[in-house]
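Before any comments, here is the structure.
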Amino acid sequence: MQDGLDRASEEMQAMQEDVDKANKEMQAMQHDLNKADEYAKELQDLDRAYQEDVDKANEEIQAMQEDVDKANKEMQAMQEDVDKANEEMQFMQENLDKANEEMQAMQEDVDKKKASASPPSPEVEKLKGDNRLMRAELQARQASPPGGAPSPQSPETWVWRLREMERRLKEEREARLVDRSGARQRIQERDAENRRLREQLGGRAH
C-alpha cells in the first residue's frame, strides 16, 4: 500500500511540474503577445506619422503650385507690359523719323534759298536739337536690358513731347508758308513797279 502511495505522490509531483511548466509557457506566450501589441501600436504610430508627413507634403506641393501659377500670371502681365512698351517705342520711333524727315526737308528748302533767304530760324534749330535729344533718349531706352533702371519719362510724357514737336513743326511750316507768300507778293509788286517804270520810260522816249 505504501508503494501505491509513493507512486501516486510521484505522479502528482510530476503533474505539478507539468502544470508549472505550462504556466511558465503561458506566461512566456503572454509576454510575447504583449510585445506583439506594443509592436502593433508602434506600427500604427509610424503609419499615422507617415500619413501626416504625406498630407503635409501634399499641402506644400499645392502651395508651390499656387506660387508657380501666380508667378506665371505675373510673368504674363510683365510680357504684356513689355509688348505694350515696345509698341509705344515703335510708335515714337516712327514719329521721330517722320519729324526728322520733315525737318530735313525744311533744311533742304532753306539751303536751296540760302543765298536770298535769311538763315534758319532759332525755332528750327531748337526743333532739330530736341529731335536729336529725343532720338538719343529713345536709343538709350531701347538699348537698356529688361529689368534695368526704369526710364525717367513715362510713355505719356514721350507722346506729349512728340505732339508738342509736331505742333511746333506745323507752326513753323505755316510761318514759312506765310513768309513765302509775303515774299512772292513783294516780288510781284516789285515786278509790277518795274513794268510801270519801264512803260513810263518808254513813253518819255517817244
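Just so you know, numbering that gives the first Met the number 0 puts 136 at position 137 of the sequence shown, and the rest follows in order with no gaps. For each residue, glycine too, the CB sits at the ideal point set by N, CA and C. Bear in mind the structure is a predicted one, so any value in this text is a computation, not a measurement.
Query: For the pair the stretch 165-177 and the stretch 91-104, tell me if three or more CB-CB distances fall below 8 Å.; Result: yes
Query: Do Met91 and Leu176 have their beta-carbon atoms positioned less than 8 Å apart in this structure?; Result: no
Query: State buried or exposed for Ala76, treating a residue as buried only when at least 16 other CB atoms are found within 10 Å of its CB.; Result: exposed
Query: Let me make sure I understand the geometry here. Which of Ala191, Asn94, Val53 has the alpha-carbon closest to that of Trp159?; Result: Asn94
Query: Rounded to whole angstroms, how far is the Cβ of Met164 from the Cβ of Ala98, which I believe are closer than 8 Å?; Result: 6 Å
Query: Straight-line CA distance for Arg131 to Gln89?; Result: 17 Å
Query: Return the CA-CA distance between Glu9 and Ala27, expressed in angstroms with no decimal places.; Result: 27 Å
Query: Express the C-alpha separation of Asp82 and Gln43 in angstroms, rounding to a whole number.; Result: 58 Å
Query: Can you tell me which of Gln184, Glu58, Glu87 puts its alpha carbon nearest to the alpha carbon of Glu155?; Result: Glu87
Query: Can you give the Cα-Cα distance for Gln15 and Met25, rounded to whole angstroms?; Result: 15 Å
Query: Going straight from the alpha carbon of Leu32 to that of Val18, what length do you get?; Result: 21 Å
Query: According to DSSP, simplified to helix, strand and coil, what is Ala148?; Result: Because Ala148 carries a pLDDT of 46, less than 50, the predicted location of this residue cannot be relied on, and no value is offered for it.
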